[in-house]
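> Structure incoming, see below.
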Amino acid sequence: GQQVMQIPQYQHVQEGEDFTTYCNSSTTLSNIQWYKQRPGGHPVFLIQLVKSGEVKKQKRLTFQFGEAKKNSSLHITATQTTDVGTYFCARGAAGNKLTFGGGTRVLVKP
Amino acid sequence: GAVVSQHPSWVICKSGTSVKIECRSLDFQATTMFWYRQFPKQSLMLMATSNEGSKATYEQGVEKDKFLINHASLTLSTLTVTSAHPEDSSFYICSAPKGVRTGTRTYEQYFGPGTRLTVT
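Chains as they are written, first to last, in the working numbering: chain A, 618 to 727; chain B, 25 to 144.
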């Protein structure tokens, strides 16, 4: 199927450090979206990437879309305790359907 | 932004009974809504697409007779888990896009807070 693979599955980060989570697809993506789900909460939209090589920033979060539009990454700098949660990438398709990656569960060590 | 509500937020039911979950878009109209199921520490699995005024479309492996979906208005979709069993216990989340896909853009989803179903 048209799945998206996310790595790592878990990310333990020391507060203040940086980390990156990756999203990979075997097929070309028309777009990629990123969501954050806090523990016990629901997914919240972060960003959508559409163009090849696109880079978007949201404060300490940097999102990239690969040149071949088969992969994407989320890089967080100076991790804070508020960054705790699971980050999902999702490929968009016709009819607004989304296929979610497995997610990266982020734990922050103070 | 856009707000999507779900009711109930949690429910406990006995095996063999049916449970109805409501999903409402509060400040926008949604011709399409999506229902997901999420098991602990796992990703969201799309169950079905709810279409206003027409039949829902189900993902492969999802029993349409067990998970009944009704999208009677532009702001309400309901999911009924019929003859629930313990293996149906999960976190059920609905979502709605605020727009229609054009070109390569897929509209972002606004998620409800979810319904935690426990079947005893």
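Heads up, the beta-carbon is just placed ideally off N, CA and C, and yes, glycines get one too.
Give me the subset of the stretch 678 to 693 of chain A whose CB atoms are less than 7 angstroms from a CB atom of chain B, sorted by chain position.
none
> What's the call for residue 77(B), buried or exposed, on a 16-neighbour Cβ count within 10 Å?
exposed
> Does the stretch 679 to 697 of chain A come into contact with the stretch 628 to 640 of chain A, if we say contact requires no fewer than three beta-carbon pairs (one atom in each stretch) closer than 8 angstroms?
yes
> Suppose only complete runs of 4+ residues qualify. What are the alpha helix (DSSP H) ranges in the stretch 623 to 706 of chain A, listed by chain order?
Taken in chain order, the whole alpha helix (DSSP H) runs of length 4 or more contained in the stretch 623 to 706 of chain A number zero.
> Can you name, in chain order, every residue of its own chain whose Cβ lies under 7 angstroms from the Cβ of residue 673(A), other than the five neighbours on each side?
664, 666 and 680
> What number of angstroms, rounded off, separates the C-alpha of residue 42(B) from the C-alpha of residue 55(B)?
26 angstroms
> Using the rule of at least 16 other Cβ atoms within 10 Å of the residue's Cβ for burial, across every protein chain shown, is residue 704(A) buried or exposed?
buried
> State yes or no: is the beta carbon of residue 82(B) nearer than 7 angstroms to at least one beta carbon in chain A?
no
> Kindly list the residues whose CB is nearer than 8 angstroms to the CB of residue 107(B), restricted to its own chain and excluding five residues on each side of it in sequence; keep chain order.
Around residue 107(B): 40, 41, 42 and 90.
> Less than 7 angstroms between the C-beta atoms of residue 726(A) and residue 631(A), yes or no?
Contact annotation: residue 726(A) and residue 631(A) have beta-carbon atoms nearer than 7 angstroms.
> Within 7 angstroms of any Cβ in chain B, is that where the Cβ of residue 720(A) sits?
Taking Cβ atoms only, chain B reaches closer than 7 angstroms to residue 720(A), which makes this a yes.
> Please confirm whether residue 625(A) has its beta-carbon closer than 7 angstroms to some beta-carbon of chain B.
no
> Report the neighbours of residue 633(A) on chain B: residues whose CB is nearer than 9 angstroms to its CB, in chain order.
In chain order: nothing, as chain B lies at least about 26 angstroms away.
> By the criterion of Cβ-Cβ separation under 9 angstroms, what are the contact partners of residue 641(A) in chain B?
Residues of chain B passing the Cβ test: none, with the nearest at roughly 15 angstroms.
> Distance, Cα to Cα, residue 26(B) vs residue 52(B)?
Taking the straight line joining both Cα atoms gives about 7 angstroms.
> Pull the bridge partners of residue 74(B) from the DSSP assignment, please.
BP columns for residue 74(B) point to 57(B).
> From 659(A), 658(A) and 685(A), pick the residue whose C-alpha is nearest to that of residue 670(A); which is it?
Ranking 659(A), 658(A) and 685(A) by Cα distance to residue 670(A) puts 685(A) first.
> Please list, in chain order, all residues of the same chain as residue 717(A) whose beta carbon is under 6 angstroms from its beta carbon, the five residues on each side excluded.
705 and 707
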